[in-house]
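Colleague: Dropping the structure in here first, questions after.
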Amino acid sequence: MIRDTLTIAKFTLIQINKSKILVNVIFLSVAIALVSYVLSEFTHGVPSKISLDIGFGLASLSSVGIAIFLGVQLLSQEMDSRTIYMIISRPVSRVSFYLGKMLGMSTFLLLNTILVSMVALSVYLKLNGPWTNLFIVTILSIALEAILTLFVVVSLALIVNNVISVVTTIALYVVGHGIEDAKNITYVVSRPWLENLLRIYSKVMPNFSQINLKRYLLYSLDLYPNSWGWSLVYALFYILFLATISILVLRNKNLD
Amino acid sequence: MFEFKDIKKTFKVDFWDPTFTVLNSLSFKVEEGTMCGFLGVNGAGKTTSLKILLGFIKPDAGIVEFSSKLGLSKSEIFSRIGFMPERPYFYPDLTGREFLKYMGSLSKLNSRLCNENISRWTKELSIDFALNRKIKTYSKGMLQRLGFAVTLLHDPQLIILDEPMSGLDPVGRKEFKDIFKKLNQQGKTVFFSSHIVNDIEEICDHAVVIDKGDLFYSGKLNDLLEKNATDQYEICYFDKKTEKNNMEILTGYNQAVSFVEAFLKNDNSLTSFVRKTMSLEEIIYKVRND
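For the protein sequence lines, the chains are A and B, in the order given.
To convert a position in the first sequence, counted from 1, into the working numbering, add 661.
To convert a position in the second sequence, counted from 1, into the working numbering, add 127.
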């Protein structure tokens with residue numbers, strides 16, 4: 662099973678890589694890095710932060726964008742084009758197929774995040790920005806956010822059609838980022854039922870603000886190991902939860 | 128090699144729509160080493176049957192049993208099956224070789240054997256020249272050939288093909304049929320669906336015919352043709368008196384034999400004496416209209 666999963670992951674990665682998406686994203690990130698370099702000349706005080714803000718913002722957006730728009734087709738296209746038949750008519754389980762596809766795509770998202778972040782980081786370091794280990798944690802959190810988004814969109818695509826999956830995932834992503842801030846608004850705090858509703862939502866639905874560590878880096882906030890450790894555990898737990906649901910659905914799904 | 132036992136399958140288009148029956152307690156058996164055609168008009172339930180056979184969809188009732196010669200576990204059984212879906216479509220950005228290697232790895236072939244089999248089957252299927260090209264540049268016929276090479280890559284004992292010759296030119300159809308025959312001579316069981324009756328009549332020794340989800344016939348193809356043979360006899364002979372080749376069609380065996388005996392007495396020579404049979408296509412057409 663592990664061998665099958667790794668084989669499927671390997672060829673999923675090759676296939677996505679050959680579609681030249683990564684090359685396009687890197688070209689885009691270089692262009693944006695140049696723009697941010699120029700923009701930083703017009704700022705006072707912290708020019709290096711501008712490049713970091715724009716660069717990491719692009720890393721996050723491109724990875725999440727790829728996760729949503731390629732992720733939604735990851736399994737559904739295999740079913741529509743009947744390619745899945747060639748695979749599961751061999752001694753390969755549906756679970757291996759699912760895990761392989763997800764592992765391949767997640768690896769691609771990690772690579773994409775690292776490469777785009779490296780471009781941003783090189784501009785930042787060129788502008789004499791100081792190095793901090795928080796970079797590694799932040800890059801990892803951007804990748805995790807994209808991977809979680811991927812698991813959300815794939816889970817939805819197994820149940821509803823692609824358009825609804827994409828729209829719902831984007832909505833969940835936006836709400837998931839704003840939920841923590843929304844809980845602190847006076848309008849919400851003054852209405853306990855609404856506060857409770859948002860609290861339940863943030864516990865049940867994907868809470869992306871839990872794994873958004875960019876703000877610690879950009880605003881030089883203190884990030885303690887237990888904080889990013891909790892973010893990591895939260896993301897992994899939620900990914901595991903969505904993977905379990907997807908596997909249950911896929912195992913019982915009629916592939917017609 | 129496998130057996131369908133009372134398979135029933137219904138579908139619903141929408142939640143509110145009534146169900147419609149695609150397969151209605153379908154039972155048939157495909158014996159080991161046979162070349163069996165799976166025949167039925169469009170919408171008869173052939174593809175649904177194949178999907179149930181391979182576990183892509185679950186039947187509402189009934190079971191599919193595989194011979195223990197294929198193996199006891201699902202993994203063993205599926206490692207000895209080769210399947211090609213109708214109009215296969217593969218990953219467009221992979222090359223043909225990469226896709227074959229991918230499928231070879233999933234079939235647990237080691238690298239050396241995989242390369243040997245890729246070389247063998249792609250040559251046989253005349254697709255070796257395009258192996259390093261991306262699949263998105265392949266024509267429909269080339270995709271079909273690649274799909275067939277993938278199906279045969281791991282030397283399966285049971286070969287299941289859904290409309291394997293659709294999209295092929297006449298040369299391709301002939302090549303595919305020749306390979307089917309060769310595989311069957313090697314002892315492989317070949318089971319393929321088609322709505323083209325002539326293809327099945329030409330190369331199969333067994334047939335399963337379904338119509339609107341019901342079994343119409345399952346067994347030897349010759350038995351079906353024999354069962355539906357007419358009582359007419361075509362007699363060709365050389366008439367010595369007129370020095371011409373003549374042909375007579377007579378109804379009834381006794382009448383035909385009396386006719387032959389009579390002209391043989393006059394020193395005429397018999398060229399052929401054939402009982403007229405209906406083609407499989409005519410039989411299917413007749414039964415559907417009856």
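Glycine included, every Cβ here is placed at the ideal spot set by N, Cα and C.
(1) Helix, strand or coil: how does DSSP classify Cys163 of chain B here?
(2) If we cut at 8 Å on Cβ distances, does Met747 of chain A have a partner in chain B?
(3) Leaving out five residues before and five after Ser152 of chain B in sequence, what residues of the same chain have Cβ atoms less than 6 Å from its Cβ?
(4) Count Cβ pairs between the region 836-845 of chain A and the region 864-876 of chain A that sit closer than 8 Å; are there 3 or more?
(5) Considering only DSSP beta bridges, list what His333 of chain B is partnered with.
(6) Would Glu225 of chain B count as contacting chain A if we go by Cβ distances under 8 Å?
(7) Within the same chain, show all residues whose beta-carbon is closer than 7 Å to that of Ser907 of chain A, passing over the 5 residues directly before and after it, in chain order.
(8) Name, please, each residue of chain B whose Cβ falls closer than 8 Å to the Cβ of Ile675 of chain A.
(9) Quick one: is Ile184 of chain B near chain A, going by C-beta distance under 8 Å?
(10) Do Leu719 of chain A and Val777 of chain A have their CB atoms nearer than 8 Å?
(11) Does any residue of chain A have a CB that is nearer than 8 Å to the CB of Val157 of chain B?
(12) Hey, could you find the ends of the alpha helix (DSSP H) Asn372 of chain B is sitting in?
(13) With 8 Å set as the bound, which would you pick, yes or no: does the beta-carbon of Thr230 of chain B sit closer than that to a beta-carbon of chain A?
(14) Whole angstroms is fine: what's the gap from Gln738 of chain A's alpha carbon to Thr744 of chain A's?
(15) Which bits of chain B does Ser767 of chain A rub up against, with CB to CB less than 7 Å?
(16) When we look at the beta-carbon of Ser154 of chain B and count the other beta-carbons within 10 Å, is it buried (16 or more) or exposed?
(17) Quick one, are the C-beta atoms of Leu252 of chain B and Phe275 of chain B less than 8 Å apart?
(18) Under 7 Å, CB to CB, which of the residues in the region 271-293 of chain B have a partner in chain A?
(19) Output the distance between the C-alpha atoms of Leu377 of chain B and Tyr364 of chain B, rounded to the nearest integer angstrom.
(20) Taking the beta carbon of Phe390 of chain B as the centre, do at least 16 other beta carbons fall within 10 Å, making it buried, or is it exposed?
(21) Do Val780 of chain A and Val849 of chain A have their beta-carbon atoms positioned less than 8 Å apart in this structure?
(22) Starting from the N-terminal side, write out each stretch of the beta strand (DSSP E) that is 3 residues or longer and does not extend beyond the region 833-874 of chain A.
(23) Residues in its own chain within less than 8 Å of Leu879 of chain A by CB, not counting five upstream and five downstream?
(24) Of the choices B:Ile208, B:Leu166, B:Ala171, whose alpha-carbon is the least far from that of Leu180 of chain B?
(25) Measure the C-alpha to C-alpha separation of Arg751 of chain A and Phe193 of chain B and round it to an integer number of angstroms.
(26) Give me whichever residues DSSP pairs with Ser321 of chain B in a beta bridge.
(27) How about Thr666 of chain A: is its C-beta nearer than 8 Å to some C-beta of chain B?
(28) For the 8 Å Cβ check, are there 3 or more pairs between the region 260-267 of chain B and the region 156-174 of chain B?
(29) How many angstroms separate the CA atom of Lys228 of chain B from the CA atom of Ala670 of chain A?
(30) Go ahead and label Met71 of chain B buried or exposed: buried means 16 or more other beta carbons lie within 10 angstroms of its beta carbon, across all protein chains shown.
(31) What do you reckon, are the CB atoms on Gly268 of chain B and Gly231 of chain B nearer than 8 Å?
(32) Cβ of Gly340 of chain B within 8 Å of Cβ of Val149 of chain B?
(33) Check each candidate in B:Ser321, B:Thr249, B:Arg402 and name the one with the smallest Cα separation from Pro212 of chain B.
(34) Would you verify that the beta carbon of Tyr216 of chain B is, or is not, closer than 8 Å to some beta carbon of chain A?
(35) Would you mind working out which of A:Phe769, A:Ile663, A:Lys679, A:Leu683 sits nearest Arg260 of chain B, comparing C-alpha positions?
(36) At which residues does the alpha helix (DSSP H) containing Asp714 of chain A begin and terminate?
Modeller: The relevant details are as follows:
(1) Start at 1 with the first residue of the second sequence, and residue 163 of chain B comes out as number 36. Residue state, collapsed to three classes: strand.
(2) Within the first sequence, residue 747 of chain A is the residue found at index 86, counting from 1. With 8 Å as the cut-off, Met747 of chain A counts as an interface residue toward chain B.
(3) Indexing the second sequence from 1 puts residue 152 of chain B at position 25. Cβ within range, chain order: Asp133, Lys135.
(4) yes
(5) Within the second sequence, numbered from 1, the residue matching residue 333 of chain B stands at position 206. Partner(s): B:Cys163, B:Lys347.
(6) Taking the first residue of the second sequence as 1, we reach residue 225 of chain B at position 98. Interface residue, yes.
(7) On the first sequence, position 246 is the one that residue 907 of chain A refers to. Cβ neighbours of Ser907 of chain A beyond the five flanking positions: Tyr759, Val815, Ser816, Leu819.
(8) By one-based count along the first sequence, residue 675 of chain A stands at place 14. Leu221, Glu225, listed in chain order.
(9) Indexing the second sequence from 1 puts residue 184 of chain B at position 57. Chain A contact via Cβ: present.
(10) The residue given as residue 719 of chain A occupies position 58 in the first sequence. The residue given as residue 777 of chain A occupies position 116 in the first sequence. In this structure, Val777 of chain A lies closer than 8 Å to Leu719 of chain A by Cβ.
(11) The residue you call residue 157 of chain B lines up with position 30 of the second sequence. For Val157 of chain B, the answer is no, since every Cβ of chain A falls outside 8 Å of its Cβ.
(12) Start at 1 with the first residue of the second sequence, and residue 372 of chain B comes out as number 245. Unbroken run through Asn372 of chain B is the beta strand (DSSP E), 371-378; no alpha helix (DSSP H).
(13) What you label residue 230 of chain B is simply residue 103 of the second sequence in a count that begins at 1. Thr is not the amino acid found at residue 230 of chain B; the sequence shown has Met there. Chain A contact via Cβ: present.
(14) The count along the first sequence starts at 1 and reaches residue 738 of chain A at position 77. The count along the first sequence starts at 1 and reaches residue 744 of chain A at position 83. Roughly 8 Å separates the two Cα atoms.
(15) In the first sequence, counting from the first residue as 1, residue 767 of chain A sits at position 106. What Ser767 of chain A touches in chain B: nothing, since even the nearest Cβ is about 18 Å away.
(16) The residue labelled residue 154 of chain B in the question sits at position 27 within the second sequence. It is exposed - the Cβ of Ser154 of chain B has fewer than 16 other Cβ atoms within 10 Å.
(17) As a working note, residue 252 of chain B is residue 125 in the second sequence. As a working note, residue 275 of chain B is residue 148 in the second sequence. Their beta carbons are under 8 Å apart, which means Leu252 of chain B touches Phe275 of chain B by this criterion.
(18) Val277
(19) As a working note, residue 377 of chain B is residue 250 in the second sequence. As a working note, residue 364 of chain B is residue 237 in the second sequence. Taking the straight line from one Cα to the other gives about 13 Å.
(20) Along the second sequence, read from residue 1 onward, the residue named residue 390 of chain B stands at position 263. Buried: at least 16 other Cβ atoms inside 10 Å.
(21) What you label residue 849 of chain A is simply residue 188 of the first sequence in a count that begins at 1. What you label residue 780 of chain A is simply residue 119 of the first sequence in a count that begins at 1. No, they are not a contact pair.
(22) none
(23) Along the first sequence, one-based indexing puts residue 879 of chain A at 218. Counting only Cβ-Cβ distances below 8 Å, and skipping sequence neighbours, we find Lys710, Leu713, Asp714, Phe717.
(24) Here residue 180 of chain B is taken as the residue at index 53 of the second sequence, counted from 1. Among B:Ile208, B:Leu166, B:Ala171, the Cα nearest to that of Leu180 of chain B is on B:Ile208.
(25) On the first sequence, residue 751 of chain A is found 90 positions in, with the first residue counted as 1. On the second sequence, residue 193 of chain B is found 66 positions in, with the first residue counted as 1. Using only the alpha carbons, I get a separation of about 15 Å.
(26) Reading the second sequence from its first residue, position 194 is the one you call residue 321 of chain B. Looking at the DSSP assignment, Ser321 of chain B forms a beta bridge with B:Leu166.
(27) Walking along the first sequence from the start, residue 666 of chain A turns up at place 5. No, Thr666 of chain A lies away from the interface with chain B (no Cβ there is under 8 Å from its Cβ).
(28) no
(29) On the second sequence, residue 228 of chain B is found 101 positions in, with the first residue counted as 1. On the first sequence, residue 670 of chain A is found 9 positions in, with the first residue counted as 1. Distance between the alpha carbons of Lys228 of chain B and Ala670 of chain A: 14 Å.
(30) Only positions 128 to 417 of chain B appear in this structure, which leaves residue 71 of chain B out of reach.
(31) Along the second sequence, one-based indexing puts residue 268 of chain B at 141. Along the second sequence, one-based indexing puts residue 231 of chain B at 104. No.
(32) Walking along the second sequence from the start, residue 340 of chain B turns up at place 213. Walking along the second sequence from the start, residue 149 of chain B turns up at place 22. Taking 8 Å as the Cβ cut-off, Gly340 of chain B and Val149 of chain B qualify as a contacting pair.
(33) On the second sequence, position 85 is the one that residue 212 of chain B refers to. For the residues B:Ser321, B:Thr249, B:Arg402, the minimum Cα distance to Pro212 of chain B belongs to B:Ser321.
(34) The sequence position of residue 216 of chain B within the second sequence is 89, counting from 1. Yes, contact with chain A.
(35) Residue numbering aside, residue 260 of chain B sits at position 133 when the second sequence is read from its first letter. The option with the nearest alpha carbon to Arg260 of chain B is A:Lys679.
(36) Numbered from its first residue, the first sequence carries residue 714 of chain A at position 53. First-last of the alpha helix (DSSP H) with Asp714 of chain A: 708-741.
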